[in-house]
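Numbering follows the working numbering, in which position 212 of the sequence shown is assigned residue number 213; successive positions increment by one, without gaps. Each residue gets a CB set at the ideal place from its N, CA and C atoms; glycine is no exception. What follows is a set of notes on a single structure, which appears directly below.
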Amino acid sequence: MHTGCLNVLATDPSISHTQNLTSLHLAHTTLVETHGSTLASLQHLGSTNTTLTSQLTEPAQVIDALKDQIELAKGDAQQPLWRVPMHKKQEWTTSRLMNASSNVYPNLGLSFPNTSPRLPLSPTTPSTPAPHAESPHALLNELPSLKSRSESEITNTELEEKVDKLEQGLFELSGEIAKGRHIPPNTHVLQLVDNFEQQWFDLRQATLDKLRSENVAPLDRLYTLELSTPHPSTTSKRR
Numbered sequence: 002m003h004t005g006c007l008n009v010l011a012t013d014p015s016i017s018h019t020q021n022l023t024s025l026h027l028a029h030t031t032l033v034e035t036h037g038s039t040l041a042s043l044q045h046l047g048s049t050n051t052t053l054t055s056q057l058t059e060p061a062q063v064i065d066a067l068k069d070q071i072e073l074a075k076g077d078a079q080q081p082l083w084r085v086p087m088h089k090k091q092e093w094t095t096s097r098l099m100n101a102s103s104n105v106y107p108n109l110g111l112s113f114p115n116t117s118p119r120l121p122l123s124p125t126t127p128s129t130p131a132p133h134a135e136s137p138h139a140l141l142n143e144l145p146s147l148k149s150r151s152e153s154e155i156t157n158t159e160l161e162e163k164v165d166k167l168e169q170g171l172f173e174l175s176g177e178i179a180k181g182r183h184i185p186p187n188t189h190v191l192q193l194v195d196n197f198e199q200q201w202f203d204l205r206q207a208t209l210d211k212l213r214s215e216n217v218a219p220l221d222r223l224y225t226l227e228l229s230t231p232h233p234s235t236t237s238k239r240r
């Protein structure tokens, strides 16, 4: 009897155990609720992050486009700077030629032997002389040769164009002569008497008309025979 009482006391939970289980259940419930709220917060943060990322993409694209436009504007602004040295060089060459011509020929009304004693010993030096600069006399001596060379090149080009036009005209004229349609200049022809092309067309048409007239009778006879001849399918049906 004492043994049965001990077993009953051992199986019954104590008050402390019940309290511990209750507190554990409450803690578990609290953790589950906290986990759910944390998941909801994470989902909300994820959607917010996606929205912000999409909103930041458009300004980034606009910034890239503005950067490209700035680079293009910089390139356009630097192009005149690149051309400045070339324009300076052209200006310096022009001024050198002008100074040389004014120093060599100060008075165009006088002849060269009369003005030669008055020439200065050294021509006016440009403000920015280039290294290995040629003398004004050499430049002036080269001008006639350059001018004659350019004129000869222009003349050769014009002659080549004229030769091409003449060759084309001769080719077309030979074709017209071969076809019998060439009319000499300053000649007005109302109708050509011996037009070989027209004669050929007339002969061809006459031959076709003759053949057609000769074939009319045989064709009519053949058509009549075909109508009078019984068809094989018709004879078989009659049988």
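Asked	Found
Check whether the segment 196 to 205 touches the segment 219 to 229, taking contact to mean three or more Cβ pairs, one atom from each stretch, closer than 8 Å.	no
So, with DSSP's three-state summary, where would you put Ile16?	helix
Extract the residue ranges of the beta strand (DSSP E) inside the segment 151 to 206, only unbroken runs of 3 or more that lie entirely within it.	none
Go ahead and pull the three-state DSSP assignment for Pro145.	helix
Secondary structure at Thr95, three-state DSSP: helix, strand or coil?	helix
Could you tell me how far apart the beta carbons of Lys180 and Glu198 are, in whole angstroms, since I believe they sit closer than 8 Å?	7 Å
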